[in-house]
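Visitor: Structure in structure tokens, see below.
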Amino acid sequence: MLALLLAIVAQQDIQVSAEVDRDRVEVGNAVSYTVRAIVDPGDPIVVTLPAFDGFTVIGRHDSREPFGAGEIYLVELRLRAQRPGLWQVGPVRLEQGSRVAMAPSVEVMVEAARTPAPQVGPRVLQLLQLAPPPRPGEVGVSLLISSDTVRIGEQVDVVTAAWFPRETLARMRRPPTIRPPTVEGVYSAVQPSVAGVATSREVGGIWYDIYVAHQVIFPVREGTVTVPPASLSFGLPAGRQYFSDERSYQLTSGSRVLTVGPLPPGGPGPVARGLSFQYQLLPDPARVGDPIPVELVLSGSGNLALWPAPAIAWPDGSRGYPDDVVDVARLSSGVVGGTKHFRYLVIADSAGSLALPDVRYTWFDPDRGTWQTATARSVVIPVQPALLNVRKRSPLPDLPSEPVGLDRLSLAGWLVLLLLLGIPPAIVVGMALWRRRGGRPVPASGPTGARQLQLAVRSLVPDADDRREERLAASLREAGLDAAASRDAARAYHQIATGRFDPTRPASPEALDLEAGRILAGWPARLSRRGGWLLALVLLAMVPSS
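Put into structure tokens, the structure is as follows:
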């Protein structure tokens, strides 16, 4: 930058230069023209702009930056190309006191505007061609629908179009925000969004760039459907300068009413266009008892989600089971459609030829206004006999040594064997004797009553320490104790754990043991099958031998 400024003509009182960001532009687009001058600091600058033939000034920004002993004064102009031709941009006159300088002019070639390729389908373009534009030179928003009267299940296009004159659009710092309507009582199909300008249209010599939001809806019931208004939000600089404060604007379209008529007699069936129906099979061989994949493919235009599964009468000697449904949607020339795959698993009971039946599918054609039938023609599947299970079991591994017989056991081995065989019966007999004695009370006078209660509770609820009193009582109740015993045991357990018996005054260990023994005295007679065995084993181990 310094080298550029030093190369300016030295005899001028004010050193000045000028440049544009591009020297070729189309009608309707903008170009930036920047003037730089080295001036004395602090003194005011008077800038005189020329007529700018072929252009319109849509923005301006002035600034000063320190530069050595002086300042660099910048004038940035945004110019909108209006007419084709080779135009001179400039010169710009600058005055600072008695010092005067003229910024050099720059040539810019303005070409005729070319209509950009549309980013939307032909159905949307047709609606836009029929839509009335806003008032000349103003921003507008339109709400369009493809038809005011349709039948149940027929496609309706809802288009929200935001119209911007190119001169206005060039002043905007950010894209506008379009809020399309939310339509109730219909099935909405997701459409790909259009980023940026969707298309352009010339009306009365003014070029409009149009933003579009496209929706596809399918009415599902008879009556009227109200399409509420759409809204548009955008901002523009409040002044002529591009970098001035922004002012927000909000526009709203009108609403539309859609009349939905019923389908004529002859159904039931979905609304579609150009429907085809056929079988699709895998080349793998079919065998008796093995599942055979069978697929029915339905293709055409319409809402795939509203196409029901066909009714199939499987032939004798076979069984059919629904497997899966796969939708492959597509958008062709703005019309929603695609392919729907109905998958089944068929099992044949005998070998031979399995003839899959003709399957008919009834649908309504809105173009003809009549009911049509698509037929998947019968297909014969050869079924081979089932494969015999010829797999042999794996042989048992060889033993590393000969097994040891009972006659070869030592005395220690016999003792271990007798203990293993005798302990379970001894436990069972001990349990029976304990129950017959009516539940000997657990001693509560010694210092072990509280410990016995803790062991007994943990045998029924292993995580008793992690539960609050109410949850512990509920768990003991589930383990087989009655409500009163559960509450008493839970309360005593937590009092033992916290080292207190009465919330208002501390209790002695003897009082805790007495209360624990009283609670345990009635337990064995009321234990359930789920928790009683564990608790009885603990109590049996703690009873002193006579």
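Quick note, in the working numbering, the sequence shown goes up one by one and the last residue is 545.
Glycine included, every Cβ here is placed at the ideal spot set by N, Cα and C.
1) In this structure, what does DSSP give as the bridge partners for Leu235?
2) Taking 9 Å as the threshold (C-beta atoms), are Gly333 and Val155 in contact?
3) Pick from Tyr72, Val88 and Ser62: whose alpha carbon is nearest that of Asp22?
4) Please report the distance separating the alpha-carbon of Ile71 from that of Leu93.
5) When you compare each of Arg255, Pro228, Asn28 and Gly412 to Val107 by their alpha carbons, which one comes out closest?
6) Using CA atoms only, rank isn't needed, just tell me which of Phe163, Pro236, Pro179 and Arg173 is closest to Asp208.
7) Let's test the definition: count the other Cβ atoms within 10 Å of the Cβ of Val259 and tell me whether it reaches 16, buried, or not, exposed.
8) With a Cβ-Cβ cutoff of 9 Å, do Glu221 and Ile151 count as a contact?
9) How would you label Tyr32, buried or exposed, when you count the other beta carbons within 10 angstroms and need 16 or more for buried?
10) Looking at Ser187: is its Cβ nearer than 9 Å to the Cβ of Phe217?
11) Pick from Pro103, Thr225 and Leu303: whose alpha carbon is nearest that of Ala328?
12) Between the alpha carbons of Val123 and Val26, how many angstroms are there, rounded?
13) Which class does Ser104 belong to by DSSP, given the choice of helix, strand or coil?
14) What's the gap between the Cα of Gly253 and the Cα of Leu126?
15) With DSSP run on the structure shown, which of helix, strand or coil describes Ile559?
16) Can you confirm whether the region 194 to 213 touches the region 276 to 291 when touching is taken to mean that 3 or more C-beta pairs between the two stretches lie within less than 8 Å?
17) For Val99, which three-state DSSP category applies?
18) Bridge partners for Gln214 per DSSP, in chain order?
19) Measuring straight from C-alpha to C-alpha, what distance separates Pro83 and Val24?
20) I'd like the list of long-range same chain contacts for Val45, defined as Cβ closer than 6 Å, with 5 residues on each side in sequence excluded.
21) Distance check for Ala161 and Pro269, CA to CA, integer angstroms please.
22) For the beta strand (DSSP E) containing Pro381, name the first residue and the last one.
23) Evaluate contact between the region 368 to 387 and the region 289 to 297, counting only Cβ atoms and requiring at least three cross-stretch pairs below 8 Å.
24) Hey, how far is the Cα of Glu75 from the Cα of Pro121?
25) Excluding the 5 residues preceding and the 5 following Leu344 in the sequence, name in chain order all residues of the same chain whose CB lies nearer than 6 Å to its CB.
26) Would you list the residues sitting across from Asp323 in a DSSP beta bridge?
27) Taking Arg450 as the reference, give the member of Leu295, Arg476, Ile495 and Ile144 with the closest Cα.
28) Return the CA-CA distance between Ser129 and Ala373, expressed in angstroms with no decimal places.
29) Using 9 Å as the threshold, is the C-beta distance between Leu231 and Ile177 below it?
30) Report the residue from Asp326, Val324 and Leu295 whose alpha carbon sits nearest the alpha carbon of Ile311.
31) Looking at Ala472: is its Cβ nearer than 9 Å to the Cβ of Ala455?
32) According to DSSP, is Ala29 helix, strand or coil?
33) Work out the CA separation of Gly448 and Ala510 for me, nearest whole Å.
34) Could you name the residues that DSSP lists as bridge partners for Pro164?
35) Taking 8 Å as the line, does the beta carbon of Ala491 fall inside it for any heavy atom of the ligand SAM?
36) Could you give the first and the last residue of the continuous beta strand (DSSP E) run that contains Ile144?
Guide: Reading from the atomic positions:
1) To locate residue 235, count along the sequence shown from 1; it is residue 236. Leu235 has Arg246 as its beta-bridge partners, per DSSP.
2) As a working mapping, residue 155 is identified with position 156 in the sequence shown. As a working mapping, residue 333 is identified with position 334 in the sequence shown. At the C-beta level, Val155 and Gly333 stay beyond 9 Å of one another.
3) As a working note, residue 22 is residue 23 in the sequence shown. Considering only alpha carbons, the answer is Val88.
4) Position 72 of the sequence shown holds residue 71. Position 94 of the sequence shown holds residue 93. Whole-angstrom Cα-Cα distance: 13 Å.
5) Locating residue 107 in the sequence shown gives position 108, counting from the first residue. Ranking the options by Cα distance to Val107, first place goes to Asn28.
6) In the sequence shown, the residue the question calls residue 208 occupies position 209. Comparing Cα positions, the closest option is Phe163.
7) On the sequence shown, position 260 is the one that residue 259 refers to. It is buried - the Cβ of Val259 has at least 16 other Cβ atoms within 10 Å.
8) Reading the sequence shown from its first residue, position 222 is the one you call residue 221. Reading the sequence shown from its first residue, position 152 is the one you call residue 151. Yes. Within cutoff.
9) Position 33 of the sequence shown, counted from the first residue, corresponds to residue 32. Classification of Tyr32: buried, given that the 10 Å Cβ count is 16 or more.
10) To locate residue 187, count along the sequence shown from 1; it is residue 188. To locate residue 217, count along the sequence shown from 1; it is residue 218. Against a cut-off of 9 Å, the Cβ pair of Phe217 and Ser187 comes out as a contact.
11) By 1-based counting over the sequence shown, the position of residue 328 is 329. Measuring from the Cα of Ala328, the nearest candidate turns out to be Leu303.
12) Here residue 123 refers to the residue found at position 124 of the sequence shown. Here residue 26 refers to the residue found at position 27 of the sequence shown. Inter-residue distance for Val123 and Val26 is about 26 Å (C-alpha atoms, whole angstroms).
13) Here the question's residue 104 lines up with position 105 in the sequence shown. Note: Ser104 maps to coil in three-state DSSP.
14) Position 254 of the sequence shown, counted from the start, is the residue given in the question as residue 253. Position 127 of the sequence shown, counted from the start, is the residue given in the question as residue 126. If you take the alpha carbons of Gly253 and Leu126, they lie about 16 Å apart.
15) Residue 559 lies beyond the stretch modelled for the chain, which goes from 0 to 545, so this question has no answer here.
16) no
17) As a working note, residue 99 is residue 100 in the sequence shown. Of the three classes helix, strand and coil, the one that applies to Val99 here is strand, per DSSP.
18) As a working note, residue 214 is residue 215 in the sequence shown. Gln214 is bridged to Val157.
19) By one-based count along the sequence shown, residue 83 stands at place 84. By one-based count along the sequence shown, residue 24 stands at place 25. Computed Cα separation, rounded: 9 Å.
20) Here residue 45 refers to the residue found at position 46 of the sequence shown. Glu94, listed in sequence order.
21) Counted from its first residue, the sequence shown places residue 269 at position 270. Counted from its first residue, the sequence shown places residue 161 at position 162. Approximately 34 Å, taken between the alpha carbons.
22) Indexing the sequence shown from 1 puts residue 381 at position 382. Unbroken beta strand (DSSP E) run through Pro381: Val378 to Gln383.
23) yes
24) By one-based count along the sequence shown, residue 75 stands at place 76. By one-based count along the sequence shown, residue 121 stands at place 122. Whole-angstrom Cα-Cα distance: 42 Å.
25) Start at 1 with the first residue of the sequence shown, and residue 344 comes out as number 345. Excluding sequence neighbours, Leu344 sits near Pro290, Tyr320 and Asp322.
26) Working through the sequence shown from its first residue, we reach residue 323 at position 324. Beta-bridge partners of Asp323 (DSSP): Arg342.
27) Residue numbering aside, residue 450 sits at position 451 when the sequence shown is read from its first letter. Residue Ile495 is the option with its Cα nearest to Arg450.
28) Reading the sequence shown from its first residue, position 130 is the one you call residue 129. Reading the sequence shown from its first residue, position 374 is the one you call residue 373. According to the sequence as given, residue 129 is Leu; it is not Ser. Near 36 Å, if we compare the C-alpha coordinates of Ala373 and Leu129.
29) Walking along the sequence shown from the start, residue 231 turns up at place 232. Walking along the sequence shown from the start, residue 177 turns up at place 178. Yes, the pair counts as a contact, with Cβ atoms nearer than the cut-off.
30) Locating residue 311 in the sequence shown gives position 312, counting from the first residue. Checking every option, the nearest Cα to that of Ile311 belongs to Leu295.
31) The residue you call residue 472 lines up with position 473 of the sequence shown. The residue you call residue 455 lines up with position 456 of the sequence shown. Pairing Ala472 with Ala455 gives a Cβ-Cβ distance that is not under 9 Å.
32) As a first step, residue 29 is located in the sequence shown; it is residue number 30 there, counting from the start. Strand at Ala29.
33) Here residue 510 is taken as the residue at index 511 of the sequence shown, counted from 1. Here residue 448 is taken as the residue at index 449 of the sequence shown, counted from 1. So the two alpha carbons sit approximately 10 Å from each other.
34) Translated into the one-based positions of the sequence shown, residue 164 becomes position 165. Pro164 is bridged to Tyr207.
35) The model depicted lacks the ligand SAM and carries no ligand whatsoever.
36) One-based indexing of the sequence shown puts residue 144 at position 145. Looking at the DSSP string, the run of the beta strand (DSSP E) that includes Ile144 is Gly139 to Ile144.
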